[in-house]
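Undergrad: Before we start, here is the structure in question, set down as structure tokens.
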Amino acid sequence: MKQETQQLPAKRSSTTISVRQLTKNYYLGRTVVPALRGINLEVARDEFVALMGPSGSGKSTLMNILGCLDKPTSGSYLLDGEPVSQMSTNQLADVRNHKIGFVFQGFNLLPWMTAQENVELPLLYSDIPAQDRRRQALAALSLLGLGSRAEHRPMELSGGQQQRVAIARALVTRPTLLLADEPTGNVDSQTGIQIMTILQKLNTRGLTIILVTHDPNIASYCQRQVKFLDGRIVDAHTIVPLQAKELLVQRSSSQANGTEEESVETRERRDGTLSEQQERRAITAVQYSTFAAHIARYHHRCGCRDHDDFDQRGECCQH
Ligand SMILES: Nc1ncnc2c1ncn2[C@@H]1O[C@H](COP(=O)(O)OP(=O)(O)OP(=O)(O)O)[C@@H](O)[C@H]1O
Ligand SMILES: [Mg+2]
623 MKQETQQLPA
633 KRSSTTISVR
643 QLTKNYYLGR
653 TVVPALRGIN
663 LEVARDEFVA
673 LMGPSGSGKS
683 TLMNILGCLD
693 KPTSGSYLLD
703 GEPVSQMSTN
713 QLADVRNHKI
723 GFVFQGFNLL
733 PWMTAQENVE
743 LPLLYSDIPA
753 QDRRRQALAA
763 LSLLGLGSRA
773 EHRPMELSGG
783 QQQRVAIARA
793 LVTRPTLLLA
803 DEPTGNVDSQ
813 TGIQIMTILQ
823 KLNTRGLTII
833 LVTHDPNIAS
843 YCQRQVKFLD
853 GRIVDAHTIV
863 PLQAKELLVQ
873 RSSSQANGTE
883 EESVETRERR
893 DGTLSEQQER
903 RAITAVQYST
913 FAAHIARYHH
923 RCGCRDHDDF
933 DQRGECCQH
């Protein structure tokens with residue numbers, strides 16, 4: 623882990639967020655689903671914020687809006703002082719490509735691509751030569767401790783490894799804002815702490831982070847905890863965050879004493895592949911379609927915007 627942290631991106635100026643009276647309604651036929659009912663939220667440069675709250679309370683809906691993947695029904699969203707609603711398509715693409723890294727709830731890895739190819743995807747927008755794209759993807763994978771898994775496809779990785787590939791993909795463009803929707807939701811506690819160690823380190827180097835979690839332990843590594851209920855923020859308070867690295871060190875010493883709990887990966891190896899695990903790995907149609915909208919941009923060079931234009935290998939059929 624020590625060597626890997628040397629590949630962390632250098633500190634760059636980070637990002638601020640200001641959200642006022644934000645609402646979001648979903649429409650299902652004649653039914654209106656009010657997912658956000660007037661959110662006010664300020665996130666300062668370099669902050670590390672945890673969004674918490676029960677299932678269906680609107681956390682992912684807000685994350686999608688903050689990540690410019692969806693638009694609010696009403697209200698304002700200023701990103702670095704600029705109203706997102708008034709940004710041109712090119713400006714929005716630029717923000718998504720350079721400023722924001724997004725870790726989706728679930729993995730949303732493309733199953734036919736290797737870990738390295740998945741991580742390279744966001745770089746396909748830029749004019750970075752293929753060799754450099756590969757090098758940067760490998761560096762991001764190494765940062766997450768997955769350098770030796772670059773050639774594996776998602777189905778050949780454990781749940782925790784897939785989650786880390788998703789985080790590597792979000793970091794490969796060296797964003798100033800990381801939006802991570804349950805980045806530790808499918809990993810064992812040890813991997814969760816490892817991920818938080820990396821995120822805390824990146825945060826000290828200038829990465830603004832908003833992270834969704836159901837786990838109070840994970841939230842205790844963040845500087846502020848914001849709680850959602852029924853589309854509203856019902857509580858927000860700052861805390862003195864625990865340092866994940868310290869816990870990691872403590873755990874390694876207890877492991878040396880033979881008291882460490884068995885990790886998920888060890889258990890999976892012992893038990894063979896679990897059907898529950900396979901289920902976790904399956905990319906649902908809903909997750910896939912969300913991500914398909916996101917990856918459509920990767921094929922901008924051929925002008926192809928519609929996911930249906932891609933074949934099973936992710937190649938544009940018009941080529
Ligand atoms: N595409 C959609 N169409 C209709 N309703 C939606 C859609 N996406 C979310 N919702 C609804 O909006 C509300 C908020 O959903 P959201 O996904 O933001 O919750 P969440 O807090 O992220 O929950 P979880 O912790 O389970 O991920 C829920 O009632 C959900 O059913
Ligand atoms: Mg969610």
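Numbering (the working numbering), first residue to last: 623 to 941. For each residue, glycine too, the CB sits at the ideal point set by N, CA and C.
(1) May I have a chain-ordered list of the alpha helix (DSSP H) segments no shorter than 4 residues that lie completely inside the region 724-778?
(2) Would you mind working out which of Ala737, Gln738, Arg755 and Thr736 sits nearest Leu745, comparing C-alpha positions?
(3) Please work out which residues of its chain come closer than 7 angstroms, Cβ to Cβ, to Gly814, disregarding the five sequence neighbours upstream and downstream, and give them in chain order.
(4) Take the Cβ of Lys752 as the centre, count every other Cβ of all protein chains shown within 10 Å, and call the residue buried at 16 or more, exposed below.
(5) Just to confirm, does Ser748 get its C-beta within under 7 angstroms of one of the non-hydrogen atoms of ligand 1?
(6) Under a three-way DSSP split, which group does Ile831 fall into?
(7) Please look up how many angstroms separate the CB atoms of Val725 and Ala792, rounded, as I've assumed it's under 8 angstroms.
(8) Find the nearest neighbour of Leu768 within the set Leu701, Pro656, Leu870 and Thr736, judged by alpha-carbon distance.
(9) Please determine if the region 703-723 and the region 666-684 are in contact, where contact requires at least 3 C-beta pairs separated by less than 8 angstroms.
(10) Taking Asn825 and Ile831 to be in contact with their CB atoms under 8 angstroms, please state how far apart those CB atoms are, rounded to whole angstroms.
(11) Can you tell me the Cα-Cα spacing of Leu781 and Asn808, whole angstroms?
(12) What separation, rounded to the nearest whole angstrom, lies between the Cα atoms of Lys823 and Leu829?
(13) Would you check if the distance between the CB atom of Ala715 and the CB atom of Glu742 is smaller than 8 angstroms?
(14) Is it right to say Tyr648 is buried, meaning 16 or more other beta carbons lie within 10 angstroms of its own, or is it exposed?
(15) I'd like the span of the alpha helix (DSSP H) that includes Asp716, first residue to last.
(16) Are the beta-carbon atoms of Ser679 and Leu869 separated by less than 8 angstroms?
(17) What's the call for Ser636, buried or exposed, on a 16-neighbour Cβ count within 10 Å?
(18) If you count every other CB in all the chains shown that lies within 10 Å of the CB of Glu773, and 16 or more means buried, which is it?
TA: The answer reads as follows:
(1) If we require 4 residues or more, the alpha helix (DSSP H) runs fully inside the region 724-778 come out as 737-742 and 752-765.
(2) Arg755
(3) Thr806 and Ile840
(4) The sequence shown places Ala at residue 752, rather than the Lys named in the question. The residue in question, Ala752, is exposed, as its Cβ has fewer than 16 Cβ neighbours within 10 Å.
(5) no
(6) strand
(7) 5 angstroms
(8) Thr736
(9) no
(10) 5 angstroms
(11) The residue asked about is misnamed: residue 781 is Gly in this sequence, not Leu. Their backbone Cα atoms lie some 6 angstroms apart in a straight line.
(12) 9 angstroms
(13) no
(14) exposed
(15) Thr711 to Asp716
(16) no
(17) buried
(18) exposed
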